[in-house]
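According to the working numbering, the sequence shown holds residues 1 to 339 in order.
Glycine included, each C-beta is placed from N, C-alpha and C at the ideal position.
A short worksheet on the structure shown next.
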Amino acid sequence: MERKRRMRGYIVVCLLFALLMSTGCTSAQQDFSSEERPYPDENMTVIGVSQLGSESMWRSANTASIQQVFTKENGYFLMYNNARQKQENQIKAIRSFISQQVDYIIFSPIVESGWDTVLKEAKEAKIPVIIMDRNVDSDPSLYTAWVGSDFTEEGRNAGRWLEEELKGKNFSHSQVNIVILQGTPGSTAMLGRTEGFQTVADRHENWNILACENADFTTAKGKEVMSKYLKKYSDIDVIVSQNDDMTIGVLQAISEAGYTTGTGGDMTLISFDGTKSALEKVKSGLINVDIECNPLLGPYLEEIVRKLENGEPVDKINYVEEKIFTQKNVLSVLDNRIY
Ligand code: AHR
């Protein structure tokens, strides 16, 4: 690519060292303190990746997928930073990538808002930004491409599945009582899944959403919020848990309270992501349905970078393929699930 900085090798190394000295060791995938650190040479494409954290099994799989494609063997020098759930850390990491004149910036925004300034800075520095997983509410002219899931469609899929599931079912009470555990407030995953499910819920007068609270996409918080729901409501019919990690916490809380979920259980349980450990629970009948969210974005990202390197056009918006898993089809995917 025309703007690749050929003279930057030595500068990058010096800046990296200065950065590490000022911040302590980063959470970089590349261990910069290691003697085997791969120095960027003229032919390497330097990629700065700001990951939002490591809150879930999905996130670990997403990180691994990126690290597997942007390797030295494939011609890349990967600078990886884990922002540990803080937007300010992501902005700091992106600024450090800009000052180190990386070739591309890739990041997964923790929330949608608040990126305008740093995206403008990247644009002024002529560094293409590729957004992955969640999205931003900034003007699309500020980034080159986005790749990730259609979170609203995932939410709609959860609603449509429930619609079908409830057909012909009789409840002792006239309403279907639903509780929702949401992921990180302000994140595209939480906003989309909530909106999509709500769209379907709005079509059913008897769908009664009792509660909808943040549980941070984590198991610990999922357990805490579900325990609270169980103390407060004695007649929950359906649980919508916006990721598998929270669902694991939900299952712990439910089992401790002496209830059951899933096929033939006291409550219907809907989850999102489709990680291996959750799909095992779909297979055993504890989780009724798992709406897939594909974390394996590395190959998509690498293809976009490769095209840009070759001067080829890229699509601005790139949705990844996703499925819906129930006991009926889960075996088709379980054996080959790597995360
Ligand atoms: O943005 C994707 C969501 O974030 C996944 O559903 C969740 O597990 C992750 O933490």
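{"Asked": "The alpha helix (DSSP H) enclosing G222, as first and last residue numbers", "Found": "219–232"}
{"Asked": "For Q182: DSSP bridge partner residues", "Found": "N214"}
{"Asked": "Cα-Cα separation, K307 to S241", "Found": "37 Å"}
{"Asked": "Reduced DSSP category for N135 - H, G, I as helix; E, B as strand; rest coil", "Found": "coil"}
{"Asked": "N318: first and last residue of the uninterrupted beta strand (DSSP E) it sits in", "Found": "317–319"}
{"Asked": "Reduced DSSP category for Q101 - H, G, I as helix; E, B as strand; rest coil", "Found": "coil"}
{"Asked": "C-beta atoms of V147 and N318 nearer than 8 Å", "Found": "yes"}
{"Asked": "Complete runs of the beta strand (DSSP E) confined to the region 109–169 [at least 3 residues]", "Found": "129–132, 145–148"}
{"Asked": "Distance cut-off 7 Å: D273 Cβ against heavy atoms of the ligand FMN", "Found": "This structure lacks the ligand FMN; the ligands present are the ligand AHR."}
{"Asked": "With 16 other Cβ atoms within 10 Å as the buried cut-off, status of E124", "Found": "exposed"}
{"Asked": "Where the beta strand (DSSP E) containing E51 begins and where it ends", "Found": "Checking the displayed sequence, the identity of residue 51 turns out to be Gln instead of Glu. Residues 45–51."}
{"Asked": "As assigned by DSSP and simplified to three states, the class of E292", "Found": "strand"}
{"Asked": "Pair within 8 Å by beta-carbon distance, L279 and F325", "Found": "yes"}
{"Asked": "Residues that I106 bridges to, as DSSP identifies them", "Found": "V49, I130"}
{"Asked": "Endpoints, the alpha helix (DSSP H) within which S272 is located", "Found": "In the sequence under discussion, the amino acid at residue 272 is Phe, which differs from the Ser named in the question. It is not in any alpha helix (DSSP H) - F272 instead sits in the beta strand (DSSP E) that spans 268–273."}
{"Asked": "Buried versus exposed call for R203 [16 or more other C-beta atoms within 10 Å across all chains shown]", "Found": "exposed"}
{"Asked": "Pairwise C-alpha distance: N310 and D358", "Found": "The structure shown has nothing for residue 358, since the chain only spans 1 to 339."}
{"Asked": "The region 266–277 touching the region 84–99, judged by at least three CB pairs closer than 8 Å", "Found": "no"}
{"Asked": "Check: R134 C-beta below 7 Å from any heavy atom of the ligand AHR", "Found": "yes"}
{"Asked": "N62 in three-state terms, based on DSSP", "Found": "helix"}
{"Asked": "Where L301 falls: helix, strand or coil (DSSP)", "Found": "helix"}
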